[in-house]
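Line order of the protein sequences matches chains W and R.
Sequential numbering from 375 applies to the first sequence in the numbering used here.
Sequential numbering from 1244 applies to the second sequence in the numbering used here.
Ideal placement from N, C-alpha and C gives every residue a C-beta, glycine not left out.
Please read all numbers here as calculations on a predicted model, not as lab measurements.
First up is the structure itself, then whatever we jot down about it.
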Amino acid sequence: DAKTTQPTSMDCAEGRAANLPCNHSTISGNEYVYWYRQIHSQGPQYIIHGLKNNETNEMASLIITEDRKSSTLILPHATLRDTAVYYCIVRVEHSWGKLQFGAGTQVVVTP
Amino acid sequence: EAQVTQNPRYLITVTGKKLTVTCSQNMNHEYMSWYRQDPGLGLRQIYYSMNVEVTDKGDVPEGYKVSRKEKRNFPLILESPSPNQTSLYFCASGLNTEAFFGQGTRLTVV
């Protein structure tokens, strides 16, 4: 699976949009971009994933650049409960095996 | 309710005393996996299983055993625990695109 690079940390004001970048310049054509988050000491939680089109669900939006070398997770209206570590992962869909999490981005939402 | 259940949630044990952490999922997932999480080291995969009787090593398998005799259960076995296995452990299961994680087991080996 391709490696990803994320900022170590970022702050966001409550109610504002949080934009979390991820670089995956070595991504292969059949690899998807996945986002998970982990609220302190809880199990990671799936957020969203996509291949090349932008995706949106009830939690977030995922914007993938045309060359697929980077992506941005958008939390449209951050709340205090969105404070968590966010992980960007690339892997082949439906292909399970070594699912590796990097260091992620620690997001702190402040009042 | 779809869930991954780990037991126990907390465990303090002594060096060398064999222990098993159980993991059960009710979603009929073929894929299951164990991770440990340590400060500064993130989530590291211990073992994973693609189906019944099929298991494989992750990144940090030393000191651990697993078994997958039935689809719903994937126990993690520490034959002779050592203090460096003190950690927060997570079990996960997956189907198609999404992985579901348990609530974690905090293990302390003294």
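Could you check if Thr1348/R is buried or exposed, using at least 16 other CB atoms within 10 Å of its CB as the buried criterion? Working through the second sequence from its first residue, we reach residue 1348/R at position 105. Buried, since its Cβ has 16 or more Cβ neighbours within 10 Å.
Determine contact between the stretch 408 to 426 of chain W and the stretch 1258 to 1276 of chain R, defined as no fewer than three beta-carbon pairs at a distance below 8 Å. Note that the stretch 408 to 426 of chain W does not touch the stretch 1258 to 1276 of chain R; fewer than 3 beta-carbon pairs, one per stretch, sit closer than 8 Å.
The beta strand (DSSP E) that contains Asn1294/R, what's its start and end? Counting from 1 along the second sequence, the entry for residue 1294/R is found at position 51. Note, Asn1294/R: beta strand (DSSP E), Gly1285 to Asn1294.
Is the beta carbon of Gly1306/R less than 9 Å from the beta carbon of Pro1324/R? Walking along the second sequence from the start, residue 1306/R turns up at place 63. Walking along the second sequence from the start, residue 1324/R turns up at place 81. Yes; because the gap between Cβ atoms is below 9 Å, this pair is in contact.
For the candidate residues Arg390/W, Lys377/W and Pro381/W, whose alpha-carbon lies nearest to that of Leu454/W? Counting from one through the first sequence, the residue named residue 454/W turns up at place 80. For Leu454/W, the nearest C-alpha among the options comes from Arg390/W.
Taking 9 Å as the threshold (beta carbon to beta carbon), is Gly1306/R in contact with chain W? In the second sequence, residue 1306/R corresponds to position 63, counting from 1. Answer no: the Cβ-Cβ gap between Gly1306/R and chain W never drops below 9 Å.
For a contact meaning CB atoms closer than 9 Å, what does Gln380/W contact in chain R? Within the first sequence, residue 380/W is the residue found at index 6, counting from 1. Near Gln380/W there are no residues of chain R at all, since even the closest Cβ is about 12 Å away, more than 9 Å.
Counting along the chain, where does the beta strand (DSSP E) carrying Arg409/W start and finish? For the purposes of this step, residue 409/W is identified with residue 35 of the first sequence, where counting begins at 1. A small correction: the amino acid at residue 409/W is Trp; Arg does not occupy that position in the sequence shown. Glu405 to Gln412 is the extent of the beta strand (DSSP E) around Trp409/W.
How big is the Cα-Cα spacing for Gly478/W and Gly1283/R? The residue labelled residue 478/W in the question sits at position 104 within the first sequence. The residue labelled residue 1283/R in the question sits at position 40 within the second sequence. Straight-line Cα distance between these residues: approximately 11 Å.
Beta-carbon spacing of Lys1261/R, Leu1321/R below 9 Å: Numbered from 1 along the second sequence, position 18 holds the residue referred to as residue 1261/R. Numbered from 1 along the second sequence, position 78 holds the residue referred to as residue 1321/R. Their beta carbons are under 9 Å apart, which means Lys1261/R touches Leu1321/R by this criterion.
Assuming the contact rule is C-beta atoms closer than 8 Å, Gln474/W and Gln1288/R should be a hit. Round their C-beta distance to whole Å, please. Walking along the first sequence from the start, residue 474/W turns up at place 100. Walking along the second sequence from the start, residue 1288/R turns up at place 45. Right, the Cβ-Cβ distance comes to about 7 Å (below 8 Å), so this counts as a contact.
Presumed contact (8 Å Cβ cut-off) between Val464/W and Tyr420/W, rounded CB distance: The count along the first sequence starts at 1 and reaches residue 464/W at position 90. The count along the first sequence starts at 1 and reaches residue 420/W at position 46. Val464/W to Tyr420/W, Cβ: 14 Å. No contact.
Taking all protein chains shown into account, do 16 or more other C-beta atoms lie within 10 angstroms of the C-beta of Tyr1278/R, making it buried, or fewer, making it exposed? Residue mapping note: residue 1278/R aligns to position 35 of the second sequence, counting from 1. Buried.
Quick check on Gln412/W - is its C-beta less than 9 Å from some C-beta in chain R? For the purposes of this step, residue 412/W is taken as the residue at position 38 of the first sequence. So yes, Gln412/W belongs to the interface.
Meets three-Cβ-pair contact criterion under 8 Å: the stretch 384 to 398 of chain W and the stretch 1328 to 1337 of chain R: no
Between Cys386/W and Leu449/W, is the Cβ-Cβ spacing less than 9 Å? In the first sequence, counting from the first residue as 1, residue 386/W sits at position 12. In the first sequence, counting from the first residue as 1, residue 449/W sits at position 75. The criterion of a C-beta distance shorter than 9 Å is satisfied by Cys386/W and Leu449/W.
Within chain R, partners of Leu473/W - CB distance below 7 Å: Position 99 of the first sequence holds residue 473/W. Result: Ser1276, Gln1288 and Ala1342.
Mind checking who Arg442/W pairs with in its DSSP beta bridge? As a first step, residue 442/W must be located in the first sequence, where it is residue number 68. Note: Arg442/W sits in no beta bridge, so no partner.
Whose Cβ in chain W lies nearer than 8 Å to the Cβ of Gly1301/R? By 1-based counting over the second sequence, the position of residue 1301/R is 58. The contacting residues are Lys472.
Which of helix, strand or coil does DSSP assign to Arg1315/R? Here residue 1315/R corresponds to residue number 72 of the second sequence, with the count starting at 1. Three-state DSSP puts Arg1315/R in coil, outside helix and strand.
According to DSSP, Pro395/W sits in a beta bridge with which residue or residues? Translated into positions along the first sequence, residue 395/W becomes position 21. Paired residues: Thr446/W.
Can the beta-carbon of Thr378/W be found less than 9 Å from the beta-carbon of Gly476/W? As a working note, residue 378/W is residue 4 in the first sequence. As a working note, residue 476/W is residue 102 in the first sequence. Going by C-beta atoms, Thr378/W is nearer than 9 Å to Gly476/W.
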